[in-house]
Amino acid sequence: MKRYLLIALCMMSSLSILEAGEKRTWEGKWNNRKYNTSGPLKCVAASDDKGVWKATFTGLFKGDPFKYEATFQSRPNGNQLNLAGTATIRGHKYQWAGFMKGATLSGKYKSNIGYYGEFVLKEKK
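As structure tokens, then:
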């Protein structure tokens, strides 16, 4: 019985990530593997009660600021949320997948024009 209670508590704590309307902020760095560039990245996001997140990403690419909106779906997977989404940045289509685990938001992305890379962000309270 204790084992089942522990499992239930762990699942409840991982699902607290899904609180609808709660805004969360992460900051860190992205890498573009096509051009071997990197820069700062910030994500501010909130989810609805169905696990759909709306996010604003801001950062710098070769000193040029960027900002884009993204919508992505989350699915609980043990102690993390798996994520998948799309975005249009400067007219180019991007797909990305990643996860939220603890205070970390990680992802890998690729575009229809050959940009690809990853990002690792830490939550800011």
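Read in order, the letters of the sequence shown are residues -20 to -1, 1 to 105 in mature numbering (1 follows the signal peptide of the UniProt record, and there is no 0). Virtual Cβ for every residue (Gly too), placed ideally from N, Cα, C.
Please work out which residues of its chain come closer than 7 angstroms, Cβ to Cβ, to Trp76, disregarding the five sequence neighbours upstream and downstream, and give them in chain order.
Gly65, Gly87, Lys88 and Tyr89, listed in sequence order.
Phe99 versus Ser91 - alpha carbon distance:
Cα-Cα distance, rounded: 14 angstroms.
To which residues does DSSP link Asp44 through a beta bridge?
Beta-bridge annotation (DSSP): Asp44 is paired with Phe41.
In angstroms with no decimal places, state the Cα-to-Cα distance between Gly1 and Thr68.
Gly1 and Thr68 have their C-alpha atoms some 23 angstroms from each other.
From Thr38, Gly71 and Phe52, residue whose alpha carbon lies closest to that of Asn62
For the set Thr38, Gly71 and Phe52, the Cα lying nearest the Cα of Asn62 is the one of Phe52.
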